[in-house]
Amino acid sequence: TGHLIYQCGGIDKRTIEKFEKEAAELGKGSFKYAWVLDKLKAERERGITIDIALWKFETPRYYVTVIDAPGHRDFIKNMITGTSQADCAILIIAAGTGEFEAGISKDGQTREHALLAYTLGVKNLIVAINKMDTTKWS
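Numbered per the UniProt record's numbering, the sequence shown finishes at 138, counting up by one with no gaps.
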(Lines of atoms letter the chains of each structure in order from A; the text may use other names.)
(Lines give C-alpha, C1' and ligand atoms only; values in the text may rest on other atoms or scores of the structure.)
Protein backbone atom coordinates (compact mmCIF):
# COMPACT_ATOMS: atom_id res chain seq x y z
CA THR A 1 0.00 0.00 0.00
CA GLY A 2 2.85 2.35 0.83
CA HIS A 3 4.40 1.76 -2.58
CA LEU A 4 1.09 2.60 -4.27
CA ILE A 5 0.86 5.82 -2.25
CA TYR A 6 4.43 6.70 -3.22
CA GLN A 7 3.86 5.97 -6.93
CA CYS A 8 0.72 8.13 -6.89
CA GLY A 9 2.66 11.06 -5.40
CA GLY A 10 1.07 10.78 -1.97
CA ILE A 11 4.39 10.66 -0.11
CA ASP A 12 7.76 12.16 -0.95
CA LYS A 13 11.01 10.33 -1.67
CA ARG A 14 12.75 11.76 1.39
CA THR A 15 10.17 10.19 3.71
CA ILE A 16 10.52 6.82 1.98
CA GLU A 17 14.30 7.06 2.37
CA LYS A 18 13.79 7.72 6.10
CA PHE A 19 11.62 4.61 6.43
CA GLU A 20 14.17 2.60 4.44
CA LYS A 21 16.96 3.66 6.82
CA GLU A 22 14.89 2.89 9.92
CA ALA A 23 13.81 -0.48 8.54
CA ALA A 24 17.39 -1.39 7.55
CA GLU A 25 18.58 -0.63 11.08
CA LEU A 26 16.21 -3.35 12.30
CA GLY A 27 17.16 -5.77 9.51
CA LYS A 28 13.91 -5.16 7.61
CA GLY A 29 15.09 -2.98 4.72
CA SER A 30 12.48 -4.35 2.33
CA PHE A 31 9.69 -3.07 4.61
CA LYS A 32 10.22 0.61 3.78
CA TYR A 33 6.87 0.94 2.01
CA ALA A 34 4.97 -1.08 4.62
CA TRP A 35 6.15 1.36 7.27
CA VAL A 36 4.29 4.21 5.57
CA LEU A 37 1.13 2.90 7.24
CA ASP A 38 2.36 0.32 9.76
CA LYS A 39 3.11 2.57 12.72
CA LEU A 40 2.62 0.26 15.70
CA LYS A 41 5.76 -1.27 17.19
CA ALA A 42 4.18 -4.73 17.00
CA GLU A 43 3.37 -4.26 13.30
CA ARG A 44 6.94 -3.31 12.49
CA GLU A 45 8.42 -6.12 14.58
CA ARG A 46 6.10 -8.83 13.22
CA GLY A 47 5.97 -7.54 9.65
CA ILE A 48 2.16 -7.61 9.48
CA THR A 49 -0.61 -5.03 9.57
CA ILE A 50 -2.62 -5.28 12.78
CA ASP A 51 -4.81 -2.17 12.84
CA ILE A 52 -6.34 -0.08 10.08
CA ALA A 53 -4.47 3.04 9.02
CA LEU A 54 -5.54 6.01 6.88
CA TRP A 55 -3.51 8.05 4.41
CA LYS A 56 -5.00 10.97 2.48
CA PHE A 57 -3.59 12.59 -0.64
CA GLU A 58 -4.80 14.14 -3.85
CA THR A 59 -3.99 13.62 -7.49
CA PRO A 60 -4.81 16.07 -10.27
CA ARG A 61 -8.21 14.35 -10.62
CA TYR A 62 -9.08 12.81 -7.25
CA TYR A 63 -9.03 13.17 -3.50
CA VAL A 64 -7.89 9.78 -2.24
CA THR A 65 -8.21 8.23 1.19
CA VAL A 66 -6.37 4.94 1.50
CA ILE A 67 -7.51 2.64 4.28
CA ASP A 68 -4.90 -0.03 4.88
CA ALA A 69 -6.52 -3.04 6.51
CA PRO A 70 -4.91 -6.19 7.90
CA GLY A 71 -4.95 -9.42 5.94
CA HIS A 72 -4.01 -11.73 8.79
CA ARG A 73 -6.79 -13.98 10.09
CA ASP A 74 -6.25 -12.87 13.70
CA PHE A 75 -7.23 -9.30 12.83
CA ILE A 76 -10.32 -9.88 10.69
CA LYS A 77 -12.44 -7.51 12.81
CA ASN A 78 -10.07 -4.67 11.92
CA MET A 79 -10.24 -5.66 8.25
CA ILE A 80 -14.05 -5.48 8.40
CA THR A 81 -13.91 -2.04 10.05
CA GLY A 82 -11.72 -0.66 7.27
CA THR A 83 -13.51 -2.37 4.41
CA SER A 84 -16.92 -1.18 5.58
CA GLN A 85 -15.79 2.40 4.84
CA ALA A 86 -14.52 1.69 1.31
CA ASP A 87 -15.91 2.72 -2.07
CA CYS A 88 -13.38 0.51 -3.83
CA ALA A 89 -10.96 -2.16 -2.63
CA ILE A 90 -7.65 -3.58 -3.74
CA LEU A 91 -7.43 -7.31 -3.12
CA ILE A 92 -3.81 -8.39 -2.87
CA ILE A 93 -3.22 -11.95 -4.02
CA ALA A 94 0.04 -13.66 -3.08
CA ALA A 95 1.70 -15.44 -6.00
CA GLY A 96 4.17 -17.34 -3.84
CA THR A 97 4.28 -21.10 -4.26
CA GLY A 98 1.33 -22.53 -2.35
CA GLU A 99 0.15 -19.12 -1.14
CA PHE A 100 -2.28 -18.51 -4.00
CA GLU A 101 -3.82 -21.96 -3.57
CA ALA A 102 -4.11 -21.52 0.20
CA GLY A 103 -5.69 -18.09 -0.24
CA ILE A 104 -8.45 -19.21 -2.57
CA SER A 105 -9.14 -22.52 -0.85
CA LYS A 106 -12.46 -23.06 0.92
CA ASP A 107 -11.17 -21.51 4.16
CA GLY A 108 -8.59 -19.20 2.57
CA GLN A 109 -8.08 -15.56 3.54
CA THR A 110 -8.18 -14.28 -0.05
CA ARG A 111 -11.57 -15.88 -0.61
CA GLU A 112 -12.87 -14.67 2.76
CA HIS A 113 -11.71 -11.09 2.16
CA ALA A 114 -13.29 -10.94 -1.30
CA LEU A 115 -16.60 -12.26 0.08
CA LEU A 116 -16.54 -9.89 3.05
CA ALA A 117 -15.78 -6.90 0.82
CA TYR A 118 -18.70 -7.76 -1.44
CA THR A 119 -21.00 -8.34 1.54
CA LEU A 120 -19.97 -4.97 2.99
CA GLY A 121 -21.01 -3.22 -0.22
CA VAL A 122 -17.72 -2.93 -2.10
CA LYS A 123 -18.67 -3.45 -5.73
CA ASN A 124 -15.47 -2.14 -7.35
CA LEU A 125 -12.49 -4.40 -6.79
CA ILE A 126 -8.97 -4.09 -8.12
CA VAL A 127 -6.98 -7.32 -8.00
CA ALA A 128 -3.21 -6.97 -7.55
CA ILE A 129 -0.67 -9.78 -7.56
CA ASN A 130 2.13 -9.67 -4.98
CA LYS A 131 5.35 -11.72 -4.65
CA MET A 132 5.61 -12.53 -8.36
CA ASP A 133 9.37 -12.31 -8.00
CA THR A 134 9.34 -15.45 -5.84
CA THR A 135 7.98 -17.66 -8.63
CA LYS A 136 9.03 -18.40 -12.18
CA TRP A 137 6.56 -16.37 -14.23
CA SER A 138 6.67 -14.95 -17.71
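Yeah, the Cβ is synthetic: ideal placement off N, Cα and C, and Gly gets one too.
Bear in mind the structure is a predicted one, so any value in this text is a computation, not a measurement.
Per DSSP, cross-strand counterpart(s) of residue i
i	result
asparagine 124	Cys88
alanine 34	Per DSSP, none; premise fails for alanine 34.
tryptophan 55	Val66
isoleucine 129	Ile93
Helix, strand or coil at residue i [DSSP, three-state]
i	result
tyrosine 63	strand
lysine 39	coil
alanine 94	strand
lysine 77	helix
residue 225	One cannot answer for residue 225 here, as it falls past the ends of the chain, which runs 1 to 138.
histidine 113	helix
isoleucine 50	coil
Which listed residue (the options) has its alpha carbon closest to that of residue i
i	options	result
isoleucine 92	Glu20, Gly108, Gly71, Thr81	Gly71
leucine 4	Arg14, Ala128, Gly103, Gly98	Ala128
glutamine 7	Ser105, Glu58, Lys41	Glu58
aspartate 133	Ala102, Glu112, Thr97, Arg111	Thr97
valine 64	Thr1, Thr135, Asn130, Lys32	Thr1
asparagine 124	Lys106, Ala89, Lys131	Ala89
Cβ distance (whole Å) where residue i is taken to contact residue j below 8 Å
i	j	result
tryptophan 55	glycine 108	Incorrect: roughly 27 Å between the Cβ atoms, too far for contact.
threonine 110	glycine 103	3 Å
alanine 24	leucine 37	Going by Cβ atoms, the distance from alanine 24 to leucine 37 rounds to 18 Å, so no, they are not a contact pair.
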